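Below: the structure, in structure tokens.
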Amino acid sequence: MRDHDQSPRLKTQGRHFAAAGAIAAAGLLALAPAARAENQIPTAPAPAAGGETTAAAVYDPIEGFNRGAFKVGMGLDKVIFGPIAHGYMAITPKVVRNGVGNAVDNLGEPNTIMNHVLQGKPKRAIRSTTRFIVNSTVGVLGLFDVAAKMRLPARNADFGQTFGVWGAGPGAYLYVPGMGPLNVRDGVGRALDFVTDPVSLYVGGLSTDFGKARTGVTIVDLRAATDPAFRALDDAADPYVTTRSAYSQYRDAIVRDATGKAEDLPDFDAPPPSPAPAAPKP
Amino acid sequence: MTLAGSLMKNTLITRRGANAALLAFFGAAGFAAATPALAQARDPGAEAFVQTKAQRVITVLANKGMSDAQKKQVFHQAVDELADVPRITNFVLGKYARTITPDQRARFTPVFRTYAENVYQSRIDDYRGEQLKVTGSVVRKPGDVIVNTTISGGQITSPLPVSWRVLGSGQTWKVVDVQFKGIWLAITQQQDFVSTIDNAGGNIDVLINQLQKSGSGSSGRR
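As they're listed, the protein sequences go chains A and B. Going by numbering that gives the first Met the number 0, the first sequence opens with residue 0, and the numbers climb by one from there. Going by numbering that gives the first Met the number 0, the second sequence opens with residue 0, and the numbers climb by one from there.
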């Protein structure tokens, strides 16, 4: 996705981080099959009734800590990010915000291309490359998504997704104030997205004015784009769990988009309130 | 000429490669199909149902000539045609659907209905699309179908994929869940509710009271 560049410290420690990331990633991959197996309920004969859904079982061993972090994060959003985003939305027409969003996405395209390659998807990599070239030129530095109108719609990819394609499970759920919901896989992925981002490396990272401006705009754009989700949280009975569930399903869907695997869903009528037939046959 | 020659050769190789890949793919697909029977089949009845009924809901909410109160009323009726409300009401209670008392159920049912209508009306309103187009469907098992659609027009800049889980058969179907950006609404709702009851020490009344408050809050905010 297009949310990279959060902590300035990451930049200076880039190389160390990449190494640590690679080690963590390897560890994650090693653990992945076990984590998957743990979630899977062996229902051999039933077709597509795997029982395992990310939605149903999010691994959250440090829920107490995460809930505290979530409170801090939502507090920060209330006093800083939310008001900035709402101010931005109030003073700009939607056309402008769409343009800014397109430009932010366009700068993320090289990272997407890299990940399509790592996932062994040359067709998607070529499409994204074409998108990047067309949108950076004809699309005026990415402000207009001309490529989408040429039937080359955006197809984002990131390291978290790549690890998922390679078989890594999401691992433990984490909430980091200022970064939002994460899990181990996607947190490591995001750190790698950050340190290997081609645009930061070749055009300018956080030490440059370009990098600073890009980071600022990216954060504001992301917050504005996710505003409906924040509003939806106001209606939740338990906003922490709603965020955790929605994020996990969202990331799971992104991995499935790359693997093409079918989604495992819970049976709708289990658990029955009274002896009702498991298979809906009206 | 050499360039053209090598290009042609490349094309041939690519084509041969593609054929091999296709064979491998279908081989794999055939193998895969042997285990989960019926997966990947489409259901035209379920698709037609979603096309008609979901389009109706979207048309109502996109109608600029209708007042909010009118919309609310039409939405209320349209929900009954589109969704299996009793089934969803039961599903969102998760494990507590087994332990809820008849009295609690009698109170929870209307409260949840009001809450859900307010919440979903504002959710759909956030996007204000106009046209719904069915793009396909997947039969999970007989009577349990995912219908994939895209919603476009109105305020939506690029077509928004939305999936509908429908249960039923033949011409009689009802929506039980809606997925959007990978997120199933009823599944998320279930987690939200179950956690709220868990944290209240299993007391379902706490959830009912909370929904009563936030349901009215949500409609006031609109």
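Positions of the beta carbon are idealized from the N, C-alpha and C atoms, including for glycine. Source: prediction; values computed, not measured.
Secondary structure of residue i, DSSP reduced to three states
i                          : result
isoleucine 61 (chain A)    : coil
isoleucine 150 (chain B)   : strand
isoleucine 182 (chain B)   : strand
leucine 131 (chain B)      : strand
aspartate 157 (chain A)    : coil
aspartate 185 (chain A)    : helix
lysine 63 (chain B)        : coil
alanine 31 (chain A)       : At alanine 31 (chain A), the pLDDT of 37 sits below 50, so the modelled position is not reliable and the matter cannot be decided from this model.
isoleucine 83 (chain A)    : helix
alanine 17 (chain A)       : For alanine 17 (chain A), the predicted model reports a pLDDT of 40, less than 50, meaning its position is unreliable; a value from the coordinates is still stated below. The answer is helix: DSSP assigns alanine 17 (chain A) an H, G or I state.
isoleucine 155 (chain B)   : strand
threonine 58 (chain B)     : helix
alanine 53 (chain B)       : helix
methionine 149 (chain A)   : coil
phenylalanine 90 (chain B) : helix
lysine 260 (chain A)       : coil
aspartate 197 (chain B)    : helix
isoleucine 207 (chain B)   : helix
leucine 140 (chain A)      : coil
asparagine 134 (chain A)   : helix
lysine 212 (chain B)       : helix
alanine 56 (chain A)       : coil
Close beta carbons around residue i, own chain, < 8 Å, minus the five adjacent residues each side
i                     : result
serine 213 (chain B)  : Tyr114
valine 56 (chain B)   : Phe74, Ala77, Val78, Leu81 and Ile123
leucine 75 (chain A)  : Pro176 and Gly177
alanine 149 (chain B) : Per the sequence shown, the amino acid found at residue 149 (chain B) is threonine instead of alanine. Cβ within range, chain order: Leu131, Lys132, Thr134, Pro158, Leu159, Pro160 and Val161.
lysine 52 (chain B)   : Ala77, Glu80, Leu81 and Val174
valine 71 (chain A)   : Pro176
alanine 228 (chain A) : Ala245
Chain A within 8 Å of residue i, Cβ atoms only
i                          : result
glycine 44 (chain B)       : no
phenylalanine 24 (chain B) : Unreliable positioning characterises phenylalanine 24 (chain B) in this predicted model, as indicated by a pLDDT of 42, which lies under 50. A coordinate reading is not provided.
glycine 135 (chain B)      : no
arginine 122 (chain B)     : yes
arginine 41 (chain B)      : no
lysine 180 (chain B)       : yes
threonine 148 (chain B)    : no
leucine 206 (chain B)      : yes
serine 66 (chain B)        : no
glutamine 190 (chain B)    : yes
glutamine 170 (chain B)    : no
glutamine 209 (chain B)    : yes
threonine 58 (chain B)     : no
threonine 100 (chain B)    : no
threonine 113 (chain B)    : no
asparagine 62 (chain B)    : no
leucine 166 (chain B)      : yes
asparagine 198 (chain B)   : yes
Cβ shell of residue i (< 6 Å), same chain only, five flanking positions each side left out
i                       : result
valine 116 (chain A)    : Ala124
proline 152 (chain A)   : none
asparagine 89 (chain B) : Ala96
valine 198 (chain A)    : Leu106 and Pro109
glycine 93 (chain B)    : Gln189 and Val193
threonine 258 (chain A) : Val164
glutamine 54 (chain B)  : Leu131
glycine 98 (chain A)    : Leu142
Any C-beta of chain B under 8 Å from that of residue i
i                        : result
valine 240 (chain A)     : yes
proline 152 (chain A)    : yes
tyrosine 249 (chain A)   : yes
leucine 264 (chain A)    : yes
serine 127 (chain A)     : no
alanine 231 (chain A)    : yes
isoleucine 253 (chain A) : yes
proline 121 (chain A)    : no
proline 82 (chain A)     : no
One or two residues paired with residue i in a DSSP bridge
i                     : result
leucine 173 (chain A) : A:Leu181
serine 162 (chain B)  : B:Asn147 and B:Gln178
lysine 173 (chain B)  : B:Leu166
serine 136 (chain B)  : B:Val146
alanine 82 (chain B)  : B:Val174
Proximal residues to residue i (C-beta, below 7 Å), its chain only, five neighbours per side dropped
i                      : result
glycine 200 (chain B)  : none
tyrosine 95 (chain B)  : Val193, Ile196 and Ile203
tyrosine 246 (chain A) : Pro180
arginine 255 (chain A) : Glu262
leucine 210 (chain B)  : Val110, Phe111 and Tyr114
alanine 185 (chain B)  : Ile87, Phe90, Val91, Val175 and Asp176
alanine 231 (chain A)  : none
Practice problem: Please list the segments of the alpha helix (DSSP H) lying wholly inside the stretch 206 to 257 of chain A, counting only runs of 4 or more residues, in order along the chain. | Solution: 208 to 224 and 226 to 233
Exercise. Could you pull out every unbroken beta strand (DSSP E) segment of at least 3 residues lying fully inside the stretch 98 to 128 of chain A, listed in chain order?
Key: none
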